[in-house]
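Student: For the record, the sequence lines run as chains A and B. All residue numbers for the first sequence refer to my numbering, where the first residue is -7 and numbers rise by one. All residue numbers for the second sequence refer to my numbering, where the first residue is -7 and numbers rise by one.
Protein chains: 2
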Amino acid sequence: MADLKWSPDEKKVAHRAFDAALVRERLAVRRHVEALLRATEEGIVIWEIRDYLNDAARDIDYKFDFRYSVLITVFARLVAEGALAMDELAGLAEDKLAMIRELADVWRRPLP
Amino acid sequence: MADLKWSPDEKKVAHRAFDAALVRERLAVRRHVEALLRATEEGIVIWEIRDYLNDAARDIDYKFDFRYSVLITVFARLVAEGALAMDELAGLAEDKLAMIRELADVWRRPLP
Chain A
-7 MADLKWSPDE KKVAHRAFDA ALVRERLAVR RHVEALLRAT EEGIVIWEIR
43 DYLNDAARDI DYKFDFRYSV LITVFARLVA EGALAMDELA GLAEDKLAMI
93 RELADVWRRP LP
Chain B
-7 MADLKWSPDE KKVAHRAFDA ALVRERLAVR RHVEALLRAT EEGIVIWEIR
43 DYLNDAARDI DYKFDFRYSV LITVFARLVA EGALAMDELA GLAEDKLAMI
93 RELADVWRRP LP
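#1: Scan the segment 37 to 65 of chain A for residues whose Cβ lies nearer than 8 Å to a Cβ of chain B and list them as they occur along the chain.
#2: With DSSP as the reference, label residue 82(A) as helix, strand or coil.
#3: Taking the alpha helix (DSSP H) that residue 17(B) belongs to, which residues open and close that run?
#4: In or out: residue 17(A) buried (at least 16 other Cβ within 10 Å) or exposed?
#5: As a quick exercise: from 75(A), -5(A), 32(A), 56(A), pick the residue whose alpha carbon is nearest that of residue 20(A).
#6: For chain B, find out if any of its Cβ atoms is closer than 9 Å to the Cβ of residue 26(A); answer yes or no.
#7: Let me know the secondary structure DSSP gives residue 36(B) once reduced to three states.
#8: Per DSSP, what kind of secondary structure is residue 77(A) in: helix, strand or coil?
#9: I'd like to check one pair, residue 64(A) with residue 92(A): are the Cβ atoms closer than 9 Å?
#10: Identify, in the order they occur along the chain, each residue of the same chain with its Cβ nearer than 7 Å to the Cβ of residue 13(B), setting aside the five sequence neighbours on each side.
#11: Please list, in chain order, the chain B residues whose beta carbon lies closer than 7 Å to that of residue 35(A).
#12: Mind listing the chain B neighbours of residue 29(A)? Cutoff is C-beta to C-beta under 9 Å, in chain order.
#13: Quick test of your reading: residue 45(B) and residue 42(A), contact by CB under 8 Å. State the CB separation rounded to the nearest angstrom.
#14: Does the separation of the CB atoms of residue 6(B) and residue 81(B) fall below 9 Å?
#15: Using DSSP with H/G/I as helix, E/B as strand and the rest coil, what is residue 67(A)?
#16: Leaving out five residues on either side along the sequence, give the residues of the same chain with a beta carbon under 6 Å from the beta carbon of residue 10(B).
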């Protein structure tokens, strides 16, 4: 998987899909912060927001890793979590799409 | 200053003033977060908020240090910064109030 070749067109598709998922993920984090603020008028909620954002930053850094050597697994996880639609990956070679689908299925499977 | 005696009544005044200033400080931080959110619809503002909250947490931890050995300087700084009114310290012994006033003046003085 690490030695797959990515054509210039595939790289464009990959970048666009990755960026779109990242934009959505950040917006979801923003919505959660807004909900925390709406839930109380207290100032002390800032520490809850801070902890939440520090956790979110770690998660996003880990999850959104744009290196071609790991991109198939990154996409598979995003697809499995509903953060990315297979449609958005249209334009990738069929072998890559098949791997992403297959890994997404594995990712969705409940732990034994 | 570190070996001042605090009577039970003075301790009550000190706690009340300290807590009131802390509540206001956290509310001010909250207002700033809300302003950052209002300034843009973008999700990426979450990282600016995160950095701001991490800085605010460090500042507040440093500034709000309730140890009687340092409380005079803590109050002086809060007074100098407008985070606490001298009125809120009514009930402390006059020597403490005088020290707080004097140190607050020093704190307000521009650096040479």
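For each residue, glycine too, the CB sits at the ideal point set by N, CA and C.
Tutor: Well, looking at it:
#1: Listed by position, the residues of the segment 37 to 65 of chain A near chain B (Cβ gap below 8 Å) are 37, 38, 39, 41, 42, 45, 46, 48, 49.
#2: Locating residue 82(A) in the first sequence gives position 90, counting from the first residue. The three-state reading of DSSP puts residue 82(A) in strand, counting E and B together.
#3: In the second sequence, the residue the question calls residue 17(B) occupies position 25. Bounds of the alpha helix (DSSP H) holding residue 17(B) are 0 to 31.
#4: For this step, residue 17(A) is matched to residue 25 along the first sequence. Buried: at least 16 other Cβ atoms inside 10 Å.
#5: For this step, residue 20(A) is matched to residue 28 along the first sequence. Measuring from the Cα of residue 20(A), the nearest candidate turns out to be 75(A).
#6: By one-based count along the first sequence, residue 26(A) stands at place 34. Contact with chain B is found for residue 26(A), since one of that chain's Cβ atoms lies less than 9 Å from the residue's Cβ.
#7: As a position in the second sequence, residue 36(B) is number 44, starting the count at 1. Collapsing the DSSP output to three states places residue 36(B) in coil.
#8: Taking the first sequence and counting its residues from 1, one reaches residue 77(A) at position 85. Note: residue 77(A) maps to coil in three-state DSSP.
#9: Sequence index remark: in the first sequence, residue 92(A) carries index 100 (1-based). Sequence index remark: in the first sequence, residue 64(A) carries index 72 (1-based). Remark: C-beta atoms of residue 92(A) and residue 64(A) approach each other more closely than 9 Å.
#10: Position 21 of the second sequence, counting from 1, holds the residue named residue 13(B). If we look at residue 13(B) and ignore the five residues flanking it on each side, its Cβ neighbours are 70, 75, 76.
#11: As a first step, residue 35(A) must be located in the first sequence, where it is residue number 43. Chain-ordered, the chain B residues with CB closer than 7 Å to the CB of residue 35(A) read 15, 18, 19, 21, 22.
#12: Taking the first sequence and counting its residues from 1, the one referred to as residue 29(A) is at position 37. Near residue 29(A) (Cβ distances below 9 Å), the residues of chain B are 22, 25, 26, 29.
#13: Along the second sequence, read from residue 1 onward, the residue named residue 45(B) stands at position 53. Along the first sequence, read from residue 1 onward, the residue named residue 42(A) stands at position 50. Between the beta-carbon of residue 45(B) and that of residue 42(A) there is about 4 Å, and that keeps the pair under the 8 Å contact cut.
#14: Here residue 6(B) refers to the residue found at position 14 of the second sequence. Here residue 81(B) refers to the residue found at position 89 of the second sequence. Contact flag set, yes.
#15: Looking up residue 67(A) in the first sequence gives position 75. Residue 67(A): helix per DSSP, three-state reduction.
#16: Here the question's residue 10(B) lines up with position 18 in the second sequence. Within the same chain, Cβ atoms closer than 6 Å to the Cβ of residue 10(B) are found at 58, the five residues on either side in sequence being excluded.
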